[in-house]
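S.K.: Just so we're aligned, residue 5 is where the sequence shown starts under full-length UniProt numbering, counting upward by one.
Quick reminder that beta carbons are idealized off the backbone N, C-alpha and C, glycines included.
Just so you know, these numbers come straight off a predicted model, no measurement behind them.
Before anything else, here's the structure in question.
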Amino acid sequence: QPRVFSGVQPTGNLHLGNYLGAVSRWVPLQDQMPTIFCVVDSHAITAGFPDRAELVNATREVTAAYLAAGIDPAKSIIFNQSQVREHTELAWIFNCVARMGWLNRMTQFKEKAGKNKENASVGLFAYPNLMAADILAYRATHVPVGDDQKQHLELTRDIAAKFNNDFADRIKELGVGVPNPTPSPELPEELYFPLTEPMIAGPATRIMSLRDGTKKMSKSDASDLSRINLKDDADTIAKKIRKAKTDPDALPSETDGLEGRPEADNLVGIYAALSGKTKQDILGEYGGQQFSVFKPALSDLAVDKLAPMTDEMRRLTAEPGEIDAILKTGAEKASAIAEPVLKDVRKIIGFLDVR
Ligand code: AQP
5 QPRVFSGVQP TGNLHLGNYL GAVSRWVPLQ DQMPTIFCVV DSHAITAGFP DRAELVNATR
65 EVTAAYLAAG IDPAKSIIFN QSQVREHTEL AWIFNCVARM GWLNRMTQFK EKAGKNKENA
125 SVGLFAYPNL MAADILAYRA THVPVGDDQK QHLELTRDIA AKFNNDFADR IKELGVGVPN
185 PTPSPELPEE LYFPLTEPMI AGPATRIMSL RDGTKKMSKS DASDLSRINL KDDADTIAKK
245 IRKAKTDPDA LPSETDGLEG RPEADNLVGI YAALSGKTKQ DILGEYGGQQ FSVFKPALSD
305 LAVDKLAPMT DEMRRLTAEP GEIDAILKTG AEKASAIAEP VLKDVRKIIG FLDVR
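Okay, structure coming up:
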């Protein structure tokens, strides 16, 4: 059965990259298949424990952003990760499935740990195993994310494949598997965990920093001018776009002309994603124009799109009762799916069940 799972960490300010690369793309999926959207707060402690109130507020803020962007609790399950214990339980089992060598290859760990790897938390290193558990606790088949998560999703598939192979006989004997929809010599006929498909498509899979077109827009960038936060007001958005780094040339009229011009490419990509058009459409309209013309148009579009969302986020977070109630119901619904999966997994592993 197809099922979507995705999430965002409640660390710092949600930005345009999180919105265009992930959350906005979740909205139409709600009408296509069952969808689960998680605020992944257990991931938010891997790079250091935030202040208590900060973590609580950020969790509510990410939830508010989901709701304001159009995630509908009547259609989707919305919850925060720490409330469903199956995530961390399955992550432990995946710690014992995944190999050190696989995790050693993860580029995000290298980037986030920086030079001081010896002092990084074990949680930061094992983060991709928890991400695999988030997805596979629901046996989710599709994960819509930005391009930066591609490597972690490949690891999720490797973990699922190894689990399916290592325990093939037990999965068959216990009758808990499903037929492999795409038979191959590398996998058994019956699978317990699906091989999850990443959904990474469109003009906004990697939104870059406004200050450096070769770096991704990121919550943890020290410069606030590098990103547009979903909470920014109209003046701040206009200022950040006005100050965004560009080159002195006019916009080209074909997408080929964006090659080697990362900042121009990024701004055109943002315009395309916000307007639901292609980069070529935008260049058809603005090719030959200077940034002095294009930037104000982009500001107006960004403000038009983001202002109603920002207002709704403010309304929701001012009185968080509604958010907390949605998260509570979501956690109950999520547990109802994940609990039987972990029951199967404990049986497959051979843990003695005495309760
Ligand atoms: N720049 C981006 N362009 C497109 N998509 C992006 N995403 C993040 N940055 C971009 C997507 O947003 C989702 C949530 O990401 P996350 O909060 O779980 O973690 P992250 O990828 O580490 O996000 P940040 O904002 O870059 O945070 P920091 O600075 O803490 O690393 C994911 O689907 C991600 O692909």
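1) Would you grab the beta carbon distance between residue 180 and residue 26 for me? Rounded to a whole angstrom, and I think it's under 8 Å.
2) Look at residue 9 and residue 144 and say whether their C-beta atoms are less than 8 Å apart.
3) Closest by CA to residue 77, which one among 157, 178, 39?
4) On the DSSP letters alone, give me the boundaries of the beta strand (DSSP E) that residue 12 sits inside.
5) Does the beta carbon of residue 139 fall short of 7 Å from some heavy atom of the ligand AQP?
6) Buried or exposed: residue 272, going by 16 or more other Cβ atoms within 10 Å of its Cβ?
7) Using only the heavy atoms of the ligand AQP, determine whether one of them is closer than 7 Å to the beta carbon of residue 269.
8) Quick one: which unbroken beta strand (DSSP E) runs of 3-plus residues sit fully inside the segment 158-200? Chain order, please.
9) Can you give me the Cβ contacts of residue 254 inside the same chain, cut-off strictly under 7 Å, excluding the 5 residues immediately before and after it?
10) Residue 111: buried (16+ other C-beta within 10 angstroms of its C-beta) or exposed?
11) Would you say the beta carbon of residue 110 is closer than 7 Å to some non-hydrogen atom of the ligand AQP?
12) Bridge partners for residue 19 per DSSP, in chain order?
13) Is it the case that the CB of residue 91 approaches a heavy atom of the ligand AQP more closely than 7 Å?
14) Among all the DSSP beta bridges, which residues are the ones paired with residue 39?
15) Heavy atom of the ligand AQP less than 7 Å from the Cβ of residue 22, yes or no?
16) I need the boundaries of the alpha helix (DSSP H) containing residue 312, first residue and last residue.
M.R.: Considering the structure as presented:
1) By a beta-carbon distance limit of 8 Å, residue 180 does not contact residue 26. Their separation comes to about 31 Å.
2) Cβ distance < 8 Å, so residue 9 and residue 144 count as in contact.
3) With distances taken between Cα atoms, residue 77 lies closest to 39.
4) 8-12
5) no
6) Buried: at least 16 other Cβ atoms inside 10 Å.
7) Residue 269 has its CB no nearer than 7 Å to any heavy atom of the ligand AQP.
8) none
9) 292, 293, 294
10) exposed
11) Residue 110: no, Cβ never under 7 Å from the ligand AQP.
12) 233
13) no
14) 8, 80
15) Using a cutoff of 7 Å, the CB of residue 22 counts as near the ligand AQP, since one of the ligand's heavy atoms is closer than that.
16) 295-322
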